[in-house]
Amino acid sequence: MGAPGFLAVFSDPGNKSTLEEFQDWYDNEHVPLRLDHLPYFLTGARYSAIDDKLPGWLAMYEIEEVESFQDPSYAVLRETRSEREKDLIARLGVLDRRTAEVVVDTGDQLEKSTGLKVGNPSRFVLTVGIALGGGSSESLERFAEDTRRVGGWVRTRVLKVFDKGVTGTNEEWTSIEVPDYLAVIELTSKFPEDTIVTEAPLALHDLRQWSLYKAFPALSQA
0 MGAPGFLAVF SDPGNKSTLE EFQDWYDNEH VPLRLDHLPY FLTGARYSAI
50 DDKLPGWLAM YEIEEVESFQ DPSYAVLRET RSEREKDLIA RLGVLDRRTA
100 EVVVDTGDQL EKSTGLKVGN PSRFVLTVGI ALGGGSSESL ERFAEDTRRV
150 GGWVRTRVLK VFDKGVTGTN EEWTSIEVPD YLAVIELTSK FPEDTIVTEA
200 PLALHDLRQW SLYKAFPALS QA
């Protein structure tokens, strides 16, 4: 078994599509095509922003292994998009897809949460971009350990983003420089601060706060 994979997608309907059509497409077409048919998509959950920042939506998927992203059954999804999906994606404010490998993982805390799975999913999530700068892989591990001090902490994963795809009609959102690493920190309670305290020599970018919208059932959980 290879290293675990992870897919994080930041998105927003923008001003050329409505929230209603965006939600209907995401919940009833986009997510089911993955979770209902691809067994290596282990989980899928969507979160909405609670920090008054945009983009306003985050979808996350745990993938069995990084190699799964090369599976033809996944690649074909982009080639066989419905006309509705093609039209809507062309009008979205942003679709920021980050395909990644999990390089640091503090592990499950099942007594607190089922993570991104249905049942008792983590109610809140922090995401923050990371630039190594003068740091190292050990710095990433130190950062993950430091996040254990955050109130309501459940789990921290650091992702190495190896494929970045940003499209959309909002130039402010599509012109961002996507960091090479992304931390995903699951919590049981809302984070009251605007920064994460760490002694790791890393540059942190764009701390975002999210609240659970929905965790979806998956074929792999049946």
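The numbering of the sequence shown is numbering that gives the first Met the number 0, which starts it at 0 and goes up by one.
Backbone N, C-alpha and C define an ideal beta-carbon position, used for all residues, glycine too.
Computed from a prediction, not measured in an experiment: that's the story for all the values here.
### Message
Using only the alpha-carbon positions, how far apart do F215 and K85 sit?
### Response
Computed Cα separation, rounded: 23 angstroms.
### Query
Tell me which same chain residues have a C-beta within less than 7 angstroms of the C-beta of G1, skipping the five on either side of it?
Correct list, in chain order: E64, V65 and E66.
#### Entry: Where E61 falls, given that 16 or more other Cβ within 10 Å makes a residue buried
Counting the other CB atoms within 10 Å of its CB gives E61 a total of 16 or more, which places it among the buried residues.
### Message
Can you tell me which residues form a DSSP beta bridge with D162?
### Response
In DSSP, D162 forms a bridge with T98.
### Query
Taking C-beta to C-beta, are R122 and L211 nearer than 9 angstroms?
It is a contact, given that the beta carbons lie within the stated cut-off.
### Query
Taking only runs of the alpha helix (DSSP H) that begin and end inside the segment 112-150, which ones reach a length of at least 4 residues, in chain order?
Along the length of the segment 112-150, whole alpha helix (DSSP H) runs at least 4 residues long occupy 136-145, reported in chain order.
#### Entry: Identity of the residues DSSP links to D104 by a beta bridge
Paired residues: R156.
### Query
Over what stretch of residues does the beta strand (DSSP E) that includes V65 continue unbroken?
It is not in any beta strand (DSSP E) - V65 carries neither H nor E in the DSSP assignment.
### Segments assigned beta strand (DSSP E), at least 3 residues, entirely inside the segment 20-86
As far as the segment 20-86 is concerned, its whole beta strand (DSSP E) runs of at least 3 residues are 40-48 and 56-62.
### Task
Compare the beta carbon distance of E100 and G4 with 9 angstroms and say whether it is the shorter of the two.
Closer than 9 angstroms, so yes.
### Query
Taking all protein chains shown into account, do 16 or more other C-beta atoms lie within 10 angstroms of the C-beta of F40, making it buried, or fewer, making it exposed?
Of the other Cβ atoms in all chains shown, 16 or more fall within 10 Å of the Cβ of F40; this residue is therefore buried.
### Query
With C-beta atoms as the reference, is E110 less than 9 angstroms away from D145?
Cβ atoms of E110 and D145: not closer than 9 angstroms.
### Nonlocal neighbours in the same chain, by C-beta distance under 6 angstroms from V165, ignoring five residues either side
Same-chain partners within the cutoff: D95 and T173.
#### Entry: Paired residues, beta bridge with S219 - DSSP
DSSP lists no partner for S219.
### Task
Use the C-beta contact count for E185: other C-beta atoms within 10 angstroms, 16 or more gives buried, fewer gives exposed.
Answer is buried; the Cβ neighbour count reaches 16.
### Message
Beta-carbon within less than 7 angstroms of A143's beta-carbon, same chain only, minus the 5 sequence neighbours each way: which residues are those?
### Response
V103, T105, T155 and V157.
### Identity of the residues DSSP links to Y180 by a beta bridge
According to DSSP, Y180 bridges with I129 and K159.
### Query
Under a three-way DSSP split, which group does E170 fall into?
Helix at E170.
### Query
Quick one: what does DSSP say A7 is sitting in, helix, strand or coil?
Of the three classes helix, strand and coil, the one that applies to A7 here is strand, per DSSP.
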